[in-house]
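Counting along the sequence shown from 1, when you hit position 522 you're at 521 in numbering that gives the first Met the number 0, and nothing is skipped either side.
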Amino acid sequence: MVLAPRSAGQESPAVAADYYTFLDDEGAIAIHRHDTPAPWINYLSNGRLHAFVSQAGGGFAWWRSPTIFRLTRYRMYHLPTDSPGFYIYLRLPDGRVWSPTFRPCETPLDAWEARHYPGYTRFLAEKDGLRAELTLFVAPDSDTLVWDLRLDGEAGPVDVFAYVELSQLGWQPEMLYGYYLRHMLHVWHDAEADAVFYLFRHDGHPRVNEVPLVYFAATAPLVSYAGDRQGFLGNYRDERNPLGVERGHCGDLELFTGEPCAAQQVRLEAPGRVTFLLGLAPGGLTAYPQAEAEVRSTLTALRAPGAVDAQFAKLQDWWREHLDVFDCQLPDADAQRQIALWSPVNSVHTGRYSRAVNVDAPGIRGFGFRDSCQDMLAIAYRKPAWAQEMLYTLLGQQYADGHVVHTFFPEEREAPSTSVHSDDHLWLPLHAYALVAETGDLDALRRSVPYLADDSRSAGPEATAWEHLLTAIRFTEAHLGTHDIPLTLRSDWNDIIGKFARKGRGESIFAGQQYVVALRRLLSIAQALGDNAAAEWLADCLQRQERALLACAWDGGWWRRGFDDDGHPVGSADAVFGKLFLNPQSWSIISGVGEPEQWTQAMDAVREQLNTPVGVKKLTPGFATWPEETDPFSGYAPGCGENGAIFCHANAWVVIAEALLGRGARAWEYFTQMMPHNALRTAGLQRYQSEPYAWVSNIVGPDNPRFGWANVPHVTGTAAWMDVAATQYLLGARPELAGLVIDPVLPPTWPGCAITRHYRGCMLDITVHNPHHVEHGVTHLTLDGAPFDLSHGPCLPPHLLAGKQRAVVEVTMG
């Protein structure tokens, strides 16, 4: 299949090289043009204070929650695009003005580049012999967004202006009632701190006792400041030509009502360095004096010599530790880069933000339960303490009957979304297994965690984490349909599938396959815990579910998707729309339900009917929508979203399935064709639009003229699952309760590869040799030069690594 014709005037994919270059030695991407088709962003965070910044300096900052503690504004969907942001203006004595980020003032520059690194972004710019380097990052030890500016060259005095537009904290109230709420704020200059202070004073804020005091300061004395957006920008002007910069003075404007901003001016008599500091101190309206004192203390600390550099080094240490857990050297440089750097970076962002916030998503979705369980699969092997804490958080969102909330709001403390789905609770066993398989710490499952009370707002009775997991199984056992497979309920992982279960009788084969995986994981844990009664019960549930699926799921050429309320099969060759659904094909293999001949036949059907040059479609053919169908499967246009788009999250399961079949060429083809860099080059930059380093949720499919348009970057389950697919199934370093499995699946053209992998206190240097150019199979394995017995498979038990800080593993495929 080929991509649909491009629109007139659209350039070829080769133009991508004009826009960006990967700097692999630095672990960065250099973006050469500010006018990318969409904002290409980087997240900056210390886990409490967060921001994203684009290649053009656009973005916004928030503390803990982008919904109720949004510090600065960002106008999603509006023009001019990607604004406002974190803006610097350099004003020379003759009145010339330019920005190191290029925007907002858009003065043509002699040289310019933006570079995104894990946790920080750097802008390099030059104009008339004056060189600027601006680095943005969040300080690990204080809730401060650091703007570190260094100027070099022969220029005389330079006036440096820094500007942000401040928010009313609550995104939704600001949209609805901001014209009243703007009378409940104050922006002023604090002489003792020499900083602009901002306090939002609306006593109806949902967390009024935690409302922060926001500050904007510099490491050099302020020449002028402004807190009044209109006064600084001027009438009928915007960030591109602010009046305050034009006249060379911010106006010393405080604000008691109106639209707030924080602008400040410092003067460098000669090129040098100045750092701007945008941050906050929590405290609430009743604790303002303490917050004020904390701000002054923080600024004193950050203004001390070497303090900013020390914070930057600490940030880099955090990321270095995270990334060093797993590394690889591959014959494919693009795949190596994605696996070793950008996938784990992307997984941190999804772990922090779930599906909540990017340039299009304002952050109001909270944390999806199923999403967070899956996001932690890529965190468990790098930051197990984080994954463990999230496990307890999620268990606290489970009711005593075993079902869970669908979405919850840990910072906003809003009532959760309580719709009941067949899959949400079944992701818990996968999360728990990933954690204990990595650490070996079964005691983590003995900790007591309260259930959620029926009012969905308070804690109920307590049970151990292990009992919580068993309760999830009891819920599914109590909600099986006429085919003895799980009822779909509101939906399974595919939200729109609930259309077939409105009467409450629809059943999901995909949920049944997921149930089998959950049962297998918990059965292993039960055996390790010595819980014989649970093991016997889980084994019985597993046997019955496998038998039920084998009795009803096979359609003759592939696996059905499920059954509707009237018992008719969904995803059958007899259907007009949606004959073939992707997920049951891959999950038949992941679950181990079926025969090898069925698995290969089903995956061959996937390749023949669903594959495209940029990924595998979710289903085919796409469903007709209104007005062709008065009661359509979905409102999505064909080729979009749930209706035949290339749903990237589900493509990771295709990669895993092909890897489990040992078909290395196909598995790697599916992985590499969807890697953002490759998909962008295949589709073309102007068609694909999204970042070449961040996974996306979906790509518009070939049933739509916009085939190739990538949607919802960064905050997507694709990130965690592609990380897991690559590290644990393609490269094959997979933690299990019995030990670390080393079972790579490679393209037959590869002579081998190398992996470093930290596991239970030991760093393993793994070299894989593929002298016969096979796709799968380990014939020899040595540990520190000693042959390893493969009679029970290539699984290194933990006791062989005990006491070792480093070990060498040699693997020969054949």
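All C-beta atoms in this analysis are idealised placements derived from N, C-alpha and C, irrespective of residue type, glycine included. What you are looking at is a predicted structure, and each value in this text was computed from that prediction instead of being measured.
CB-CB length for residue i against residue j, believed under 8 Å
i    : j    : result
F389 : S371 : According to the sequence provided, residue 389 is Met. The question's Phe does not apply to it. Yes, they are in contact, since the Cβ atoms of M389 and S371 sit about 6 Å apart, within 8 Å.
S455 : V404 : 7 Å
A664 : E506 : Their Cβ separation, rounded to whole angstroms, is 35 Å, which puts A664 and E506 out of contact at 8 Å.
L221 : D193 : 6 Å
L135 : V52  : 5 Å
R102 : D158 : Between D158 and R102 the Cβ distance is about 19 Å, and since that is not below 8 Å, they are no contact.
I30  : Y19  : 5 Å
A452 : T487 : In fact, because the Cβ distance is near 26 Å, the residues do not count as touching under 8 Å.
S141 : T297 : 5 Å
T463 : L444 : 7 Å
T71  : L184 : Going by Cβ atoms, the distance from T71 to L184 rounds to 14 Å, so no, they are not a contact pair.
A37  : Q512 : Actually they are not in contact, since the Cβ atoms of A37 and Q512 sit about 36 Å apart, beyond 8 Å.
Endpoints, the beta strand (DSSP E) within which residue i is located
i    : result
H115 : A110 to Y116
C752 : G751 to Y758
A262 : P259 to L267
I28  : A27 to I30
A124 : Y119 to K126
G738 : G738 to I741
M762 : C761 to H768
N41  : I40 to S44
P734 : A732 to E735
Same chain, Cβ closer than 6 Å to residue i, five either side skipped, listed in chain order
i    : result
W187 : F196 and E253
A718 : N345, S346, T349 and W694
Q328 : A753
Y380 : E437
D630 : none
A110 : E125
L180 : Q167 and H201
Beta-carbon contacts of residue i that lie in its chain and below 7 Å, excluding the five residues immediately before and after
i    : result
A658 : A666, Y728, L729 and V744
D21  : In the sequence as presented, Asp is not what sits at residue 21; that position holds Phe. Within the same chain, F21 has close Cβ partners I28 and R336.
R266 : P156, D158 and V222
D491 : H420, S421, D422, S507, F509 and A510
L2   : Annotation note: pLDDT 43 at L2 (below 50); position unreliable, no value reported.
Q396 : F368, V403, V404, F407, P415 and L451
Cβ-based neighbour list, residue i, same chain, cut-off 8 Å, excluding 5 preceding and 5 following
i    : result
T406 : R364, G365, F366, G367, F368, P415 and S416
G362 : W61, S64, P65, T66, R69, W170, Y352, A355 and V356
H182 : T256
T671 : D331, D333, A334 and N677
Separation of residue j from residue i, as counted between CA atoms
i    : j    : result
H248 : W146 : 20 Å
E756 : A572 : The question names Glu, but residue 756 is Arg in the sequence shown. Near 44 Å, if we compare the C-alpha coordinates of A572 and R756.
P343 : P691 : 15 Å
G707 : V615 : 12 Å
T106 : N240 : 10 Å
V654 : K617 : 14 Å
G8   : R686 : Residue placement at G8 is flagged as unreliable, the pLDDT there being 34, under the threshold of 50; the coordinate-derived value follows with that caveat. If I take the Cα positions, the gap works out to 12 Å.
A724 : Q608 : 23 Å
W720 : R543 : 28 Å
C794 : D326 : 19 Å
Q818 : H77  : Look at the range of the chain in this structure, 0 to 813, and you will see that residue 818 is not part of it.
E476 : C647 : 30 Å
W465 : V324 : 28 Å
L469 : G621 : 38 Å
L441 : L528 : 7 Å
L48  : P211 : 12 Å
H430 : R733 : 14 Å
Beta bridge counterpart(s) of residue i as assigned by DSSP
i    : result
W146 : L135 and F275
M812 : V777
R90  : V96 and D158
E506 : L486 and F562
G614 : T611
Unbroken alpha helix (DSSP H) run spanning residue i, endpoints
i    : result
H420 : Neither: H420 is in no alpha helix (DSSP H) and is coded neither H nor E.
F670 : G663 to M673
V307 : A306 to D323
V347 : S342 to Y352
E545 : N531 to C551
T463 : Run containing T463: none in the alpha helix (DSSP H); it sits in the beta strand (DSSP E), A458 to T463.
S587 : N582 to S590
F368 : F368 to D374
G243 : L242 to R246
Test: residue i CB closer than 8 Å to a CB of chain C
i    : result
A649 : In the displayed structure, chain C is absent; only one protein chain is listed.
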